[in-house]
Amino acid sequence: MTGWLPKDFWTRNETLVAGVIALFCIIATLSDPRFFTITTVSDLLRASIVIGILAVGAMLVLVSGGIDVSFTAIAVFAMYSSTVLFLAIWPDAPWPLIFAVSVAFGAFLGAFNGFFIAFLGLPTLIVTLGTLSIFRGFLLTFIGSQRISDLPPDMRDFSRGVLARGTTEAGNFYSIPWAALALVFVIVLTWFILKKTMLGRSIYAIGGSVESARRIGINVKWTQFFVYVYVGALAGLAGIIHGSVGRMADPFSLVGLELSVIAAVVLGGARLIGGYGTLTGTLLGVALIVIVQNSLIVVGIPTTWQSVTIGILILLGTGVPAYRAKRAAARAG
Amino acid sequence: MSSDHDTAFIDLRAITKRYAGVTALDSVDFTVQPGEAVCLAGENGSGKSTLIKIISGVEPATEGTVRIAGKERPYLNPRISAAAGVMVIFQDFSLFPNLSVAENIAFATQLSTHERFFKSRATREIARKALDRIGVEIDLDARVETLPVAQKQLVAICRALASQAQLIIMDEPTTALTEKEVRRLQGIIRMLKDEGVAVIFVSHKLAEVLEVSEKVVVLRNGKKVAEGPATDFDTQSLTYHMTGRDVPEVPPSEVMAGAETLMHVESLTKEGSFADISFDLKTGEVLGITGLLGSGRTSVAKALFGLVAPDAGSITVEGKPVPTGDPQAASMARIGYVPEDRLTEGLFLSQSILRNVAIGRLDAHTSGGFLNMAGLVDEASDWLKRLKVKAPDVEAPVQSLSGGNQQRVALARWLSRAPRVLVLNGPSVGVDVGSKADIHDIIRDLASQGIGIIVISDDLPELLATCHRILVMRDGRIIDELDGRSVTEDDLAHRLAS
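Taken in order, these protein sequences are the chains called A and B.
Here the first sequence stands for residues 1 to 333, where the numbers follow the UniProt record's numbering.
Here the second sequence stands for residues 1 to 498, where the numbers follow the UniProt record's numbering.
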């Protein structure tokens with residue numbers, strides 16, 4: 001059709017999801033002109049940061065041919081433990097150090113997943129279901145089950161840092177926090193790994209065919225191990241950002257969000273069989289899920305319908321391309 | 001002879017391989033010269049895969065010496081072997097369906113140079129060069145999953161070339177290819193040989209690779225039983241060496257005069273895959289349907305058993321109409337269907353042999369909602385015996401059987417239901433020569449008992465050995481009807497490809 005569009009542009013999930021988002025925005029703006037303002041956009045962006053970082057990790061796992069449901073438990077574990085640790089030994093520590101420790105905790109827990117999956121060859125869903133329970137149970141039993149609102153001061157300072165803030169003419173306040181930069185950083189880093197390193201290409205290759213990957217000499221075990229450690233680290237980062245921005249270390253938060261995150265990733269075109277998934281798609285999927293969770297009310301759909309809507313979107317968003325592919329295959333055969 | 005050994009790229013001497021007491025290879029000598037194509041023939045279990053595993057470094061030899069490119073290799077693993085230029089193209093090609101053609105070709109090369117970063121331009125460069133070497137044009141950015149089988153194979157060949165292959169080992173290179181594609185492959189092989197690249201074919205389908213091979217080596221029960229220039233062999237003598245017995249393929253005896261029409265197919269049409277398919281099938285007749293990949297033969301086969309719903313047309317069996325697009329109705333009308341890809345469509349691989357046969361007869365052995373297990377088992381074992389399924393234990397999973405025996409299990413399941421019409425899609429895909437002849441025997445035998453059989457295949461000798469009549473399809477239509485007892489293989493091949 002046009003030269004600059006990729007050949008499969010019209011059949012991609014990304015296009016479909018972007019279309020749905022655009023459609024939603026149009027309808028929302030028509031029914032409430034106040035919808036499409038910088039305030040809404042900044043609210044949605046804020047809500048996307050934690051889910052976005054988690055989704056990038058979940059996407060990586062799907063691409064490698066696995067599935068991880070433990071990342072929310074890792075996130076909350078890393079966030080809560082590092083908060084407790086610093087409150088006990090050094091409450092005045094600078095936030096980058098606290099963040100680094102949380103990331104390290106996350107990577108360490110991810111290494112557990114990686115060990116069982118890569119080196120013992122256990123099924124990914126089973127392993128992460130198990131570790132989800134273990135990490136969560138361990139956290140609540142041995143580290144604590146109290147909400148802490150008295151965070152280390154520097155964490156609170158982090159949450160006050162903003163990239164931009166202001167008041168619209170209508171008098172609505174908006175702000176974009178520093179944390180948005182963390183999401184940008186994660187996206188750029190992951191993009192670089194996936195597109196520009198042999199490690200990243202190996203992750204795609206393993207997702208495409210593990211056996212073929214082994215035969216041409218890809219180090220499957222270490223690649224898989226890396227994936228789970230990296231995802232753990234991202235979860236640690238997402239967790240500590242969640243705690244800082246929310247100004248509360250809540251050991252009961254985040255867990256339960258994992259299916260929404262995976263839903264966002266799947267909506268963006270990643271396939272459960274592995275080998276497929278893009279950052280663009282993932283971010284669009286996150287945007288759609290966040291919009292549905294926060295703004296459904298604007299177009300007159302009651303909030304109780306949120307999960308129904310998300311379910312329908314998943315069925316349509318993944319079902320339509322799958323059905324098309326099946327039709328195409330039937331015609332070719 | 002000694003000069004042979006001096007110049008050889010691969011030089012194996014007195015190779016013996018034992019697995020836990022079983023001798024898979026018994027003192028085999030094997031050489032491959034640079035630029036030589038060797039056809040390694042043998043039935044399943046003859047030791048040919050073991051020999052390939054030793055050359056490619058997957059398994060060590062128990063005794064004997066391995067030399068690659070003049071160097072003795074007392075210790076070998078797949079990486080060392082690949083670095084020496086030995087590349088194996090497996091039957092499934094081992095490609096990445098989700099990655100581009102360029103990446104598939106260049107990946108192994110980039111791994112071997114310990115590249116850390118992925119460079120798109122260099123990747124395309126590597127792929128471009130490899131494709132140019134064999135003079136093939138494939139879109140570098142296409143995802144491999146979107147390519148037809150023949151192009152996937154070319155990508156696999158290019159990947160081997162990009163990794164500086166000196167020897168390419170091809171496992172069953174022609175099974176999934178049509179005549180035309182085989183001819184193209186032969187051309188590419190000749191080109192590679194001119195460049196000094198050696199090739200080993202490991203194949204069941206022999207005639208096609210014989211043409212481009214210099215040498216033939218036949219293994220049987222782990223021993224080398226024949227070796228010589230390819231010109232000294234033909235399909236008949238190869239079969240003899242492989243099986244140790246003569247397996248003559250006799251054409252089918254005539255259909256009984258006055259045989260009734262068993263099945264009548266009238267203007268079967270499905271938009272985009274086939275159109276206006278009409279034919280009659282008599283009792284005891286074997287009807288062949290052939291055509292290149294994409295000619296619609298497989299869709300027609302499926303439509304006959306209701307797996308594909310046609311837009312128009314009718315099927316009648318013994319005068320009664322059979323609702324189309326409904327496998328259960330087809331099954332009630334006593335039509336049987338053995339799919340081409342029995343691994344994914346036909347058999348429950350991890351279940352026992354017995355269960356695989358019995359599953360088709362659950363209804364006949366049920367009374368008052370309860371299953372008469374003993375009757376079921378008796379009947380199934382009886383059929384396994386009648387079809388001479390070689391299995392140590394009927395409780396063993398089907399996947400433990402050889403291809404030929406798996407196919408017999410699939411047949412046994414249908415035969416136990418006493419079908420009137422049997423549709424066999426690629427009845428001998430992936431089975432070895434000996435079993436193939438046995439399956440053809442079974443087909444002829446069933447026909448003589450009055451079953452109408454439809455064989456869908458692109459294996460021409462198979463059609464000639466079994467069919468009374470052959471319908472040729474192209475672009476979804478029947479373009480020719482031939483008498484299977486008078487047409488020659490060349491003539492048939494010509495009509496297929498023209």
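Every residue, glycine too, gets a C-beta built ideally from N, C-alpha and C.
When A:Ile-26, A:Ala-104, A:Leu-259, A:Ser-102 are compared against A:Ser-295, the one with the closest alpha-carbon: Of all alpha-carbon atoms in A:Ile-26, A:Ala-104, A:Leu-259, A:Ser-102, the one lying nearest the alpha-carbon of A:Ser-295 is that of A:Ile-26.
query: Taking C-beta to C-beta, are residue 504 of chain B and B:Ile-54 nearer than 9 angstroms?
result: Here chain B covers residues 1 to 498 and nothing more, so residue 504 of chain B does not appear.
- request: Report yes or no: is there a C-beta of chain A within less than 9 angstroms of the C-beta of B:Ala-108?
  value: Yes, B:Ala-108 lies at the interface with chain A (some Cβ there is under 9 angstroms from its Cβ).
- request: Step through the CB atoms of chain B and report whether any lies within less than 9 angstroms of the CB of A:Tyr-204.
  value: True, the Cβ-Cβ gap to chain B drops below 9 angstroms.
- prompt: Which same chain residues, not among the five before or five after A:Arg-12, have their C-beta less than 6 angstroms away from its C-beta?
  reply: Contacts found: none.
Cβ pair A:Ile-51, A:Val-290 closer than 9 angstroms: Contact: yes.
- prompt: Cβ atoms of B:Gly-403 and B:Ser-381: under 9 angstroms apart, would you say?
  reply: In this structure, B:Gly-403 does not lie closer than 9 angstroms to B:Ser-381 by Cβ.
query: Which partner residues of B:Cys-39 appear in the DSSP bridge assignment?
result: B:Cys-39 pairs with B:Phe-201, B:Val-216.
task: Kindly indicate the opening and closing residues of the beta strand (DSSP E) around B:Ser-273.
output: That residue, B:Ser-273, is in no beta strand (DSSP E); it is neither H nor E in DSSP.
- prompt: For the alpha helix (DSSP H) that contains B:Val-149, what are its first and last residues?
  reply: Run containing B:Val-149: 149–162, per the alpha helix (DSSP H) assignment.
task: Could you check the C-alpha separation between A:Gly-256 and A:Thr-72 for me, to the nearest Å?
output: Approximately 7 angstroms between the Cα atoms of the pair.
query: Rounded to a whole number of angstroms, what is the C-alpha to C-alpha distance between A:Arg-271 and A:Leu-259?
result: Answer to the nearest angstrom: the Cα atoms are 15 angstroms apart.
- prompt: Which class does B:Met-242 belong to by DSSP, given the choice of helix, strand or coil?
  reply: Of the three classes helix, strand and coil, the one that applies to B:Met-242 here is helix, per DSSP.
query: How would you call B:Ser-486, buried or exposed, if buried means at least 16 neighbouring beta carbons within 10 angstroms?
result: So B:Ser-486 counts as exposed.
- prompt: Whole-angstrom Cβ separation of A:Gly-208 and B:Leu-99, contact assumed at under 8 angstroms?
  reply: Between A:Gly-208 and B:Leu-99, the beta carbon gap of about 6 angstroms places them in contact (Cβ cut-off 8 angstroms).
task: Could you tell me whether the Cβ atoms of B:Ala-301 and B:Ile-289 are closer together than 9 angstroms?
output: Less than 9 angstroms separates the beta-carbon of B:Ala-301 from that of B:Ile-289.
task: Give the interface partners of B:Leu-95 over in chain A, defined as CB-CB distance under 7 angstroms, in chain order.
output: Residues of chain A passing the Cβ test: Ser-212.
Interface residues of chain B facing A:Met-198 [CB-CB closer than 8 angstroms]: The contacting residues are Gln-110, Leu-111, Glu-115, Arg-116, Phe-117, Phe-118.
message: Between the alpha carbons of B:Leu-482 and B:Leu-471, how many angstroms are there, rounded?
response: The alpha-carbon atoms of B:Leu-482 and B:Leu-471 are separated by roughly 6 angstroms.
query: Applying the criterion that 16 or more other CB atoms from any shown protein chain within 10 Å of the CB defines a buried residue, is A:Ala-322 buried or exposed?
result: Label assigned to A:Ala-322: exposed.
- request: Starting from B:Phe-30, trace the beta strand (DSSP E) both ways and give me its first and last residue.
  value: B:Phe-30 -> beta strand (DSSP E) spans 22–32.
field: Local conformation of B:Met-473 per DSSP, three classes
entry: For B:Met-473, the three-state secondary structure derived from DSSP is strand.
field: Euclidean distance between Cα positions of B:Gln-399 and B:Gln-407
entry: Those two C-alpha atoms are separated by around 11 angstroms.
task: Just the C-alpha distance for A:Gln-146 and A:Phe-252, rounded to the nearest angstrom, thanks.
output: In this structure, the alpha-carbon of A:Gln-146 lies about 9 angstroms from that of A:Phe-252.
- request: For A:Val-290, name the three-state secondary structure that DSSP assigns.
  value: Per DSSP, reduced to three states, the secondary structure at A:Val-290 is helical.
query: Quick one: is A:Gly-333 near chain B, going by C-beta distance under 9 angstroms?
result: Low confidence applies here, because A:Gly-333 scores a pLDDT of 46, under 50, leaving its location unreliable; read the following figure in that light. At least one chain B Cβ lies under 9 angstroms of A:Gly-333.
- prompt: Which residues does DSSP pair with B:Phe-117 in a beta bridge?
  reply: Note: B:Phe-117 sits in a beta bridge opposite A:Thr-197.
field: Buried versus exposed call for B:Asp-490 [16 or more other C-beta atoms within 10 Å across all chains shown]
entry: That one is exposed.
query: Can you find a CB in chain B that lies within less than 9 angstroms of the CB of A:Ile-276?
result: The question names Ile, but residue 276 of chain A is Tyr in the sequence shown. So, interface residue.
Contact list for B:Leu-99 against chain A, beta-carbon separation under 7 angstroms: Those within 7 angstroms of B:Leu-99 in chain A are Tyr-204, Ala-205, Gly-208.
query: What separation, rounded to the nearest whole angstrom, lies between the Cα atoms of residue 334 of chain A and A:Gly-269?
result: The structure shown has nothing for residue 334 of chain A, since chain A only spans 1 to 333.
- request: Could you list which residues in chain A have their beta carbon closer than 7 angstroms to that of B:Arg-79, in chain order?
  value: Result: Gly-217.
- prompt: Given A:Leu-140, which residues of its chain have a CB within under 7 angstroms of its CB, disregarding the five upstream and five downstream residues?
  reply: The residues are Pro-251.
message: Check this for me: beta carbons of A:Met-59 and A:Gly-277, under 9 angstroms apart or not?
response: Contact annotation: A:Met-59 and A:Gly-277 have beta-carbon atoms nearer than 9 angstroms.
- prompt: Near B:Thr-7, which residues of its chain fall below 8 angstroms by C-beta distance, leaving aside the five closest residues on each side in sequence?
  reply: For B:Thr-7, the CB contacts under 8 angstroms within the same chain, skipping 5 residues up- and downstream, are Gln-33, Pro-34 in chain order.
- prompt: Smallest Cα separation from B:Ile-277: which of B:Ser-295, B:Gly-426, B:Ile-134, B:Leu-424?
  reply: Ranked by how close their Cα comes to the Cα of B:Ile-277, the residues B:Ser-295, B:Gly-426, B:Ile-134, B:Leu-424 have B:Ser-295 in first place.
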